[in-house]
Structures are given as C-alpha cells and as structure tokens.
Amino acid sequence: MFRPLLFLSILPPLTCKLNTRKCLISKPIHIPHEWYQPGNFLIGGIGSQLIYISSPEISYKKHPSLDEIAIQIVIPKLYQHILALAFAVKEINENPKLLPNITLGFHIYDSYYNMRLTYRTTLDLLFKLNRFFPNYKCDGQKELVVVIGSLGADASFHISKITGLYKIPQFTYGSIATRNSDTMEPPSFYCMVPNELHQYLGIIQLLQYFGWTWIGMFAVDDDSGEYFLHMIEQLFYQNSICSAFTKRIPKQASWHTEDQMNNMVSNIYQFLTHSTASTYIVYGETMIMSWLVLIINFLHEENISLRKVWIMTSQIDFALSSLQSKTVLQVFQTVISLSIHSQELHNFKEFLQNIKPCKMQESALFKEFCEQAFNCEFSKAQEPMELTGMCTGEERLQDLPGSLFELFVSGHSYSIYNAVYAVVNALNVMYASRTNHKIIMESRGYQNLWPWQLYQLLDQIIFNNSVGETVSFNINREIRAGFDITNLVIFPNNSLHRVKIGKVQHNVLAEEEFVINETLIVWHRNINQTKPTSFCSYSCNPGYQKQKKEGNKFCCYDCIPCPEGMVANKNDAEKCFRCQEDHYPDKNQDQCIPKIATFLSYNDPLGISLTSATGFFTLITVLVLGIFIKKKDTAIVKANNLVISYILLISLLFCFLCPLFFIGQPRKMTCLFQQPAFGIIFSIAISCVLAKTVTVIIAFMVTKPGSRMRKWVGKRLATFIILCCNLSQGVICVAWLTSSPPFSDIDSQSSAKNIILKCNEGSIAMFYIVMGYLGFLSIITFTVAFIARKLPDCFNEAKFITFSMLIFCVVWISFVPTYLSTKGKYMVAVEIFSILASSSSLLGCIFFPKCYIILMKPELNIREQLVKRTYRKN
C-alpha cells in the first residue's frame, strides 16, 4: 500500500549538501555563471548545467543577482557539453591548417533551465562588456560569430528570438520537434540533431523488432511532449501497438506544497505498480529523468520490484543531480536509448581526465560543480575563489562515479563538437576566398566580419570531421545523421557502461535503415526469458482469430478458434479467411493445403476393377458373336433372326466398350461424346431386343389360319423398328450437341479435400431426356416381351427377353437415386456399373441359353428336334 510522501523527506536531499547537510535555501547567487576564453573570433555557448528553482514570488524589481533562490542543483554529467566546446576550440587553435593566424575563443553561459534567466544570459552573451548596455555595440565589443545552445528545445527557441534579430547563426544541440519547423523562420537556426520524426519511426521499429505492443509512456508536460504523444499514438495505431497509459511529468520539480509532491508520486506509483506493461517510453529532457529516478527510488525503498524495459529518447541523458549520487539505480537495469549518433573523439577522453575543475579559477561555472560533486568549500570572497576544507584542487572528473559523470562522449557533446567545426570550415572558406571577402584581410583586423555572411556557407557546408564522418545539413538546416541504439548497463555498484547495439539511419532515399544486435543487450537480472515481453493479451496462435474485449484497446483481446472451413495462417490474425477453391484447411486450421485432383483413373483400384470387367464382358461378347457366326447355319441360330442377333451382339459389344469413355482424366473429346454415344448405342441394343420380340409375336400369329400378318413377316418390320427407335435418339443427341454440348469441368465444392475432374453434361435437361427415352424403350420392350412370354419356347425367346429386360429396368431404376447421391469418381463408377450390369443381363439372358445348346447339346440343335419339341408342347 502506498504511504504518503512527506515534502520534507524529499526536499532535504534536493537542497542540502550530502556531507554537511548545509541547506542551499535562501542563498544569494552570482548571475551569470560564465567561462570566457579570448580570441579573434568568439563562439558563444549557452549550456544547461545548473538548475535554479526559484520562488514564485521572484521578480525583476531588483537586480537578479540579489534575488533569493529557493533551490540550486548541479547536473555534473551535462558539464561534458561545455567541455566538448572547449576541447574543439583547443584542437582548432593547435591546428595550423585551420584558421591560420586567427585565434578562436569562446564565451559560455548557463541557461539555468529558467526562461527569464535564459533571456538575460543571451543578452549578456551578445552585448555585455564590463557593464550591461542592451542594443548598443561599444568599442572593443567581442567578435561573436555564432551561438551554440541550448540543450532544451524551449530554451533554444527563446535564444533564437534574440540571435535572429541580430542575424547571428545559432546551433542547437538538443532535439527539436517537427511541430517547431514553422517557427524556424530566421535563417540563422541550425539543428545539430536529426528530425525527431526519424526518431519516432526508430522507436516503432524497435518495438516491432521485440514484439512489444503494450507500452507505458512518460512525457514532459509541455508542447513538445504533447506533440510527441500525438505523433506516437498515430504510429502506434498504424502498427498495431497500444499505449497502456500516458503520464505527463512536469518539466521541473517546482512543487511548493506537500500535497503537490504527494499527488505526483502517488500518480506515478499507480502507473508503475499496477500497469501490466513491461516496456516504458520516456520522452522529454534530461531533467525528466532526474525527477523520475527520484520518485522510483522511493518506490524501490518500498520493496517494489520493477522489472521493466526503459526506452529513452535522444533528448534524455541518464544524468543525475550531484545530490543523487547515492541513488540506487538497479530498477533501471534495462535501459535502451535512441541517442544522437556519436563517435569517440581522439584525445577527448584524455582531455577530460586531465581537467582539474576545482582549479579552473577563470570559470565561475565550476564553483557549484566542485561544491556539489566533490563536496568542496570555497572562501566567501567572490574573487579569487579559494578552496577551503578537505578539497585539494587535484580532484579530477574521472574520480566521479559514472552516474554523475561519464568519460564516454555523449551524442550532445559530439553534436557541439561538429557545430564548432562547421563554423570553422565556413570561416576557412571565407578566409580562402580572397576575391569576395577581402574585408577579413584588412589591417583593421577582423571587426568587419558580419555573422550573417556565414549563412550561405553554412547551408552548403560539407566536410569530414576528425573521426572521418561527413557532416552536412539538409534543406531544413538539420544535420544529416541518424540515431544510435544504446544499451545502458548499470552494475550493482551504480557504475555505468554504454554499449552501442544498433542504429537508425535516415538515408537519402527517405527510407529508415534499422540495425540491431540483440546479443549485446544486457537484460534485467530478474528476467528469466531471453528477452522480456510486453503485451496486453497473449499472442493468438495460427488457427485462432482475435476477438476484441469490450471496453479495452484493440491490443487487448481473446483468442477464439476459426470457424469450420476457415483458417488463420499467422499469429494474431484479425480474422480467419476461407481458402481458395483449390485448397482446403488442414486439421489445425492454420494453413491451406492444395486439393488433390481426383477422377476415375486407370491406376485407381476401382478403375482397374471396372476396366477388367469391361475387358472380360467385351471378350465374352466377341466369343458369342464368333459362335453365332460359326454356327449360323444351325437351326437355333436361324430360328432367332440371324441379322438382328448380329446387330444386337455388335451393339452389346460397343455397350461393353462404352465405359472406356468414362475411365481416365476427362478431356474435351471424351466428354463431348461420352453420354451421346452411350445413349445411341443403348438405343440400338434395346431396339434390337424390341425387334426380336415383335418378330416372335408376328411369327406365331402368322401360323394361325387366315392371319393377315403375313405381310409383316421378314426383315422389313425389324429394320423399321430399329431405324425408328434410333433415329429419334439420334435427333435428341444432335440437338444436345449443337445447343449445349458436354465439356470437361472441375468441381471444387463437392469434396473438402479434393478437386473433382469431371464431365459436365452441359444441359442437364438433355441428359435426362436421353435417359428418359432409353427408359421409355425399355418399358415398351419389357411389356411386349411379357405379353409374348407364354408362346411356345422352342422358337420363342420372349421368356428370356422378359427376364433380361426385367433386370435391365431394375438396374436403371436403381441407377437414378444412386447416381444423384454420389459425387466424383463414384458417380462415374455407378454409371459404368449400370452399363455393365444392364448389358450383361441382355447378353446372358438372351444368348447364353442358345450358346449352351450350340456347344453342350448339339443333338438338340436340329430342325426336327425343335419342331418335335414344339408339337409336343402343343
């Protein structure tokens, strides 16, 4: 349970020195703090190292140096920025190839993180000699050619309002939000860091790389923080990322009541301890981190374990105030920062190691630094500063812990270094161009150089710095560079180690190059996984789709299985989808499997069986036909109308061969003639049977005395019946083929796992007309045979024809429902079976009894025997 944070429990560490507990409240200060080094050309610098949190009652009714300051804080790590400027000037002055016979100097002030004081120090920088005369340039005025500053975006724009009036180029080394592009009206404003939009895209790429979709966000409570939240929320939505919470942090810890302090800590406490997010983004300036460290350390004292990943934006440096040197930083074990690109500068580390800040009497900037970083004390006299107490003056920057000062060159320091060299290269061009700029060669010195003359040169400047990297500006006066992805490793003793693990580089093709080496990252010690996760809901596996939870953001959802017949082939599918017609879902419904093309193949067991049956019955038919041809002169063959028997046997032969149209892959020609050929061939066979039956009836009617049927005896009647029956079927088939012929087709709907290759009838109506006509002939033939069944059986085939037609009709009546209830190759098999069964019934019932007598009972195959049997029956 959160306990109230008392105002006095936080304020003393902020306002008192750690060793003596001597409070700094109500201490008069000397304004401004400055560091001056003379030269022919001066580079002005406005840093951000000191923080003065003033009383709200402060006013300018008297000189600011006499005002009472509430809290005075030093950020030691930020002193590297002004030291980088001093190092660059020193390096240039020692290089005879740069600005020969010209000395470069600098004049540095502090912005104090206070807008009113920033205006004051900017005016001091531009005009102050011994006394302050605004808007006047006196004799002996310093030759200020450029201003570098400041770290904060707001302070930079406040400075530009003054430097722009006097056309003095200004280089800012802190990130500037895109929203401020319109405010960069003066051509004097140059930004030494890339456009922030590239940083936002880099953050998105970083989150996508690790799969973090549930993000907590802390942003500075000002316009730039509002713009950041607006832009990042849009990018989140476009890339399926959600913000778990958004918390705005005041720019400065200017709380003046216990309630304000308690409310601030209580709010952040709730977000840090109750949020399910494991990844936090922090946007703002360096001081935001200082306040956040203070509050989180209070939570850490409450034994709250925060196993979080902290993503810092480029504007933030992990810098603590000197009064936080004992702060526990273990909750920040996993910090990934998108920092301004930098490279190690030659001799810069040695330069920092050799500096003894407490002996730098010429710089008032380092007095408070030594007091709070090294616990030094100085004499009360303002000039000169004399050390008293335990300090010897030999204290060095490398003696400070990494949480207070790092020898590793920061992105901001690298930007300042490049800014100085950009100015020097522009001056070099002016110096070398003797024709156009003779004024700098005049004996009067360099007083006639106007800063605005550098504009055009700076816009077009391009050079390689001392580490070989190219420096230039784009059309918006922003440096062409990228961001480094840095992992800040914090050891148990609070020492720091920065490791570059990747980069986000904006190239000329307007594409973002994102590179990261995950193996270099040191994760929080309490994280068991290879890398941490941060999501509102577990990822949905393939085969499942998201279902949004009511009242929650779209990142919070349930996973439900795909409906039957649908698939989801990736993680976190928004919706399942149906496979293409030639694919079907697998068992897990996570991928589409190609359907297998199926048809009644000759290699299929069913196809082999039907082909074998077709061959067998074809062979039997050929044998029967051979027997009838060979025994054509015998009585039983002659007695059964030899020509019609031959036609019937040949038609049955083709009936048995007809299944070959149905077996194998359906093609255009086979599909075209498959059903019409079947209809015509079977019409011939049935008409032959009908002709034989009618011939038998006529033959017995002729034997009766006075019969008028003699004129119908002979081949004319049989021929007439066969021609009429087949002519009608032929007309139907021709009409079918000309109007809507059959064609090869595929059926991907009937079977879930197969594509059925089939012959489409073209016109279902014509197909059933053909089948109906065959049924009509079959019924007529069966009826006639049934009537003639009691005629004498020596010359009478009617009984056998009746039985054969009975089987024929049963087979085709059973065919209709069976055919309609099957799919694919089994539908074809049903039709083939019906063809073979009906044809074999005609062959067996009509011809096998005769073949038996011909082959097995030749003594009965004589005319006398047949006549004798006939009369015996009568």
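The opening position of the sequence shown corresponds to residue 171 in the working numbering, with each subsequent residue numbered one higher.
Virtual Cβ for every residue (Gly too), placed ideally from N, Cα, C.
Only a predicted model underlies this, so the values are computations on that prediction, with no experimental measurement involved.
Reduced DSSP secondary structure (H/G/I, E/B, other) of residue i
i, result
"ALA743", "strand"
"HIS676", "strand"
"VAL986", "helix"
"PHE211", "strand"
"ASP280", "strand"
"TYR727", "strand"
"ASP915", "strand"
"LYS421", "coil"
"ARG301", "Low per-residue confidence applies at ARG301: pLDDT is 48, beneath 50, and the placement is therefore not dependable, though the value from the model is reported in the following sentence. DSSP places ARG301 in coil when its eight states are reduced to three."
"CYS732", "coil"
"GLU1001", "helix"
"LEU321", "coil"
"GLU648", "strand"
"VAL368", "What sits at residue 368 in the sequence shown is His, not Val. Note: HIS368 maps to helix in three-state DSSP."
"TYR360", "strand"
"GLU313", "coil"
Residue i versus residue j: straight-line alpha-carbon distance, rounded
i, j, result
"GLY381", "LEU321", "32 Å"
"LEU1030", "PRO912", "51 Å"
"TYR314", "THR689", "Rather than Tyr, the amino acid found at residue 314 in this sequence is Leu. For LEU314 and THR689, the distance between alpha carbons rounds to 48 Å."
"CYS540", "ASP392", "32 Å"
"TYR587", "CYS726", "47 Å"
"PRO198", "LEU490", "Confidence in PRO198 is poor, its pLDDT being 42 and thus under 50, which makes the residue's placement too unreliable to answer from."
"SER358", "ASN635", "22 Å"
"PHE826", "LEU1006", "6 Å"
"PHE518", "ILE213", "19 Å"
"CYS528", "GLU564", "7 Å"
"TRP480", "LEU442", "12 Å"
"LYS670", "THR333", "36 Å"
"ILE373", "TRP384", "13 Å"
"TYR279", "ARG418", "30 Å"
"SER436", "PRO420", "14 Å"
Status (buried if at least 16 other CB within 10 Å, exposed otherwise) for residue i
i, result
"ALA120", "The structure shown does not extend to residue 120, since the chain is modelled only from 171 to 1044, so the question has no answer here."
"PHE946", "exposed"
"ASP569", "exposed"
"GLN630", "exposed"
"TRP622", "exposed"
"SER815", "buried"
"ASP760", "buried"
"LEU789", "exposed"
"ILE506", "buried"
"ASN811", "buried"
"ARG290", "buried"
"ALA855", "buried"
"PHE297", "buried"
"ILE632", "exposed"
"CYS894", "exposed"
"ILE1016", "buried"
Within-7 Å CB hit, residue i to chain B
i, result
"CYS706", "Going by chain labels, chain B is absent from the structure shown, which holds only one protein chain."
Cross-strand partners of residue i (DSSP beta bridge)
i, result
"TRP622", "Answer by DSSP bridge pairing: none, since TRP622 is not bridged."
"ASN634", "THR640"
"TRP693", "DSSP, once it has assigned bridges, lists no residue as partnering TRP693."
"VAL669", "ASN657"
"TRP384", "CYS412"
"SER507", "MET482 and THR656"
"GLY572", "DSSP output for GLY572 lists no bridge partner at all."
"TYR714", "PRO731"
"TRP461", "According to DSSP, TRP461 bridges with nothing at all."
"LYS928", "ASP915"
"ALA767", "ILE925"
"ALA389", "ARG418 and TYR453"
"TYR222", "GLN242"
"HIS151", "Nothing can be reported for residue 151: it is not among the residues displayed for the chain, which extend from 171 to 1044."
"GLY217", "ASP280"
"GLU264", "For GLU264, which the question treats as bridged, DSSP gives no partner whatsoever."
"ILE686", "GLY672"
- Three-pair Cβ contact test at 8 Å for the segment 816 to 830 versus the segment 754 to 761: no
- Query: Using 8 Å as the threshold, is the segment 788 to 808 in touch with the segment 839 to 847, meaning 3 or more CB pairs across them?
  - Reply: Not touching, per the Cβ criterion.
- Message: For the segment 735 to 752 against the segment 703 to 711, do three or more pairs of beta-carbon atoms, one drawn from each stretch, fall closer than 8 Å, so that the two count as touching?
- Response: yes
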